[in-house]
Amino acid sequence: MGHPSLASTRTPPTAALAPSLSAVQKRTLTVLLVSQVLSGVGLAAGVTVAGLLAGRMLHDTSLSGLPIALLTAGSAGAAVVIGRVSQRLGRRPGLAAGYLTGALGGAGVVVAATLGSPALLFVSLFLYGAGTTSNLQARYAGADLAAPHQRARATSTVIVATTAGGIAGPLLTNPAGHLATALHLPELTGLFLLSTVAFTLAALTLLLWLRPDPLVLARTLPAATGEDAPAGSPSRPGPGLLVGVMVLVLSQLVMVAVMTMTPIHMHAHGFGTTASGLVIALHTGSMYLPSPLAGRLVDRFGATAMSVVTAGTLLTAGVVAALAPGHSFTLITLALILLGVGWSFGLVTGTAIVTNSTPLATRAKIQGLVDVAIAVAGAVGGLASGIVAAATSYPILAALSGALAFVAAPAAIVAARRSSARAGST
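Numbering (my numbering), first residue to last: 622 to 1047.
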């Protein structure tokens, strides 16, 4: 019979770690949910009124896509910084810094509009993009402590929390505009005032309560729990990484291109800010609400199948938007809802592929670089959308975007088959 004290010391560490790790993951997700709700409100201004504000200041609707391009370009720069800070110090300081920078940008937009300074507007929108980056990269923090077969669901849990703020933000366009007017500020700056406060509160939430830091803790798990570590990862980037990047990039590019020009298209056909705000609110809701479903589908059926579903949904959205009459509120709304659902599927699917294909030691840095590609795609989509729509029409822009999205389907299938072939040969 073995020594009782020796036997008792062999099993408790792992057994004791499991429930505590589960509790930490639940706390992490709870804190992230709160910060996502707040930052979701902060996202509203850039999506809903940035194009309209720039159009009025520049007196040129062909440049209405420029604000989104600047915002997403700022997101690209912020993604690199946030990824590197997170890699070195953890998720908490990286994400919080992004939100505070976004808040500074929101305040700058208000000042720029008040002074009538396009130069300050452009700089401020660039800074504002950092807030959107933190909102997006928070999904990675939700997956840091999750088991590989549960990462898509953990990611989707964080993403769906943005729904409340994302829907409420656009619907507050008129009340926020009245507040700005009461403060003797341009009406369209109201949402940026709201965003400044929301981003600041999101940063404070993370700084105060995201403890322990999920990424910092995840790095200690392999040594503590061996092969069964929930945060286990490959030793080097896997072949699926490029597939994940493609799904994420195309989903973002198509979504931004069509979404950016929809309010402009609606205004050209007699719709007011209330109608366009409602459409964007429903679109935003459809971007985040389906994410739990997407997470379950990815975990159950695999990323390749969901890549095809993503491409098909975005193609359908582009076709509906292209065929919808300019006066049809119902069909335009349906197109934007489908666009949001396709983006949601793409974000969860691509994120799961990227996370499962990256080593823990360099995961945050690689994730930051992936989000740079996403931001660049958004910038290209936002900038090109105004040019294409002005040179042709909104329906042609929507049709081209949908067709582009469908490229992801065959690419994912081919990449999956090549990966399987390589695995079989080794």
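Glycine included, C-beta positions come from ideal geometry on N, C-alpha and C. All values reported here derive from a predicted model rather than from experimental measurement.
### Task
Return helix, strand or coil for V1028, following the three-state DSSP convention.
Looking at V1028 - three-state DSSP - the assignment turns out to be coil, as it is neither helix nor strand.
### Task
Measure the alpha-carbon distance for L874 versus P688 and round it to whole angstroms.
15 Å
### Query
When the Cα atoms are used, what is the spatial distance from L806 to T735?
Approximately 6 Å between the Cα atoms of the pair.
### Message
So G726 and Y749 are supposed to be a Cβ contact under 8 Å. How far apart are they, rounded?
### Response
3 Å
### Task
Could you check the C-alpha separation between P835 and Q771 for me, to the nearest Å?
16 Å
### Message
For the alpha helix (DSSP H) containing A773, name the first residue and the last one.
### Response
R772 to V781
### Message
On the criterion of 16 or more Cβ atoms from any shown chain inside 10 Å, does T951 qualify as buried, or is it exposed?
### Response
exposed
### Task
May I ask which residues mark the beginning and end of the alpha helix (DSSP H) holding D834?
Counting along the chain, D834 falls outside any alpha helix (DSSP H), and DSSP gives it neither H nor E.
### Query
Would you say I901 faces chain D, with C-beta separation under 8 Å as the test?
No chain D appears in this structure, which consists of one protein chain only.
### Query
By Cβ distance, which residues of its chain are closer than 6 Å to H904, with the 5 residues on each side in sequence left out?
L957 and G961
### Query
With 16 as the cutoff for other CB atoms within 10 Å, does V919 come out buried or exposed?
Around the CB of V919, 16 or more other CB atoms lie within 10 Å, so the residue is classed as buried.
### Query
Under a three-way DSSP split, which group does T1013 fall into?
Here T1013 carries a coil assignment [DSSP, helix/strand/coil].
#### Entry: Distance between beta carbons of A996 and T783, contact taken as under 8 Å
About 17 Å separates the two Cβ atoms, so there is no contact after all.
### Message
Three or more C-beta pairs under 8 Å: does that hold for the region 896-914 against the region 1019-1031?
### Response
These segments do not touch.
### Query
Near L838, which residues of its chain fall below 7 Å by C-beta distance, leaving aside the five closest residues on each side in sequence?
V645 and L766
### Task
Would you check if the region 878-892 and the region 930-947 touch, i.e. whether three or more CB-CB distances between them fall below 8 Å?
The region 878-892 and the region 930-947 touch, with three or more beta-carbon pairs separated by less than 8 Å.
### Query
DSSP state of S707, grouped into three classes?
Correct three-state label for S707: helix.
### Message
Can you find the residues in the same chain that come closer than 6 Å, C-beta to C-beta, to A1020, ignoring five residues on each side of it along the sequence?
### Response
Same-chain partners within the cutoff: G939 and A943.
### Task
Pick out whichever of I974, M876 and A797 has its Cα sitting closest to the Cα of M908.
M876
### Cβ shell of G865 (< 6 Å), same chain only, five flanking positions each side left out
G971, I974 and V975
### Message
Within the continuous alpha helix (DSSP H) that includes A878, where are the two ends?
### Response
L862 to A889
### Message
So, for L822: in the same chain, excluding its five sequence neighbours on each side, which residues have a beta-carbon less than 8 Å away from its beta-carbon?
### Response
L659
#### Entry: Alpha carbon of V868 to alpha carbon of A801, nearest angstrom
39 Å
### Beta-carbon proximity of A994 to V818, cut-off 8 Å
no
### Alpha carbon of N977 to alpha carbon of P769, nearest angstrom
7 Å
### Query
In this structure, does DSSP put P791 in helix, strand or coil?
When secondary structure is reduced to three states using DSSP, P791 falls in the helix class.
### Task
Please check the pair G763 and V779, which I expect to be a contact at CB under 8 Å, by giving their CB distance rounded to whole angstroms.
4 Å
### Distance CB(T794)-CB(L812) smaller than 8 Å
yes
### Query
What residue range is occupied by the uninterrupted alpha helix (DSSP H) comprising D920?
Taken as a continuous stretch (DSSP letters only), the alpha helix (DSSP H) holding D920 covers S912 to F922.
### Task
Going by CA-CA distance only, name the one from T937, L914 and M927 that's closest to R581.
Lying before the first or after the last residue shown, residue 581 is absent from the chain, which here runs from 622 to 1047.
### Query
For A878, which of G661, A1005 and L654 has the nearest alpha-carbon?
A1005
### Pairwise C-alpha distance: L955 and V930
18 Å
### Cβ pair L981, R840 closer than 8 Å
Yes, they are a contact pair.
### Message
Alpha carbons only, please: which of T649, K986, P1016 and H799 is nearest the one belonging to A699?
### Response
K986
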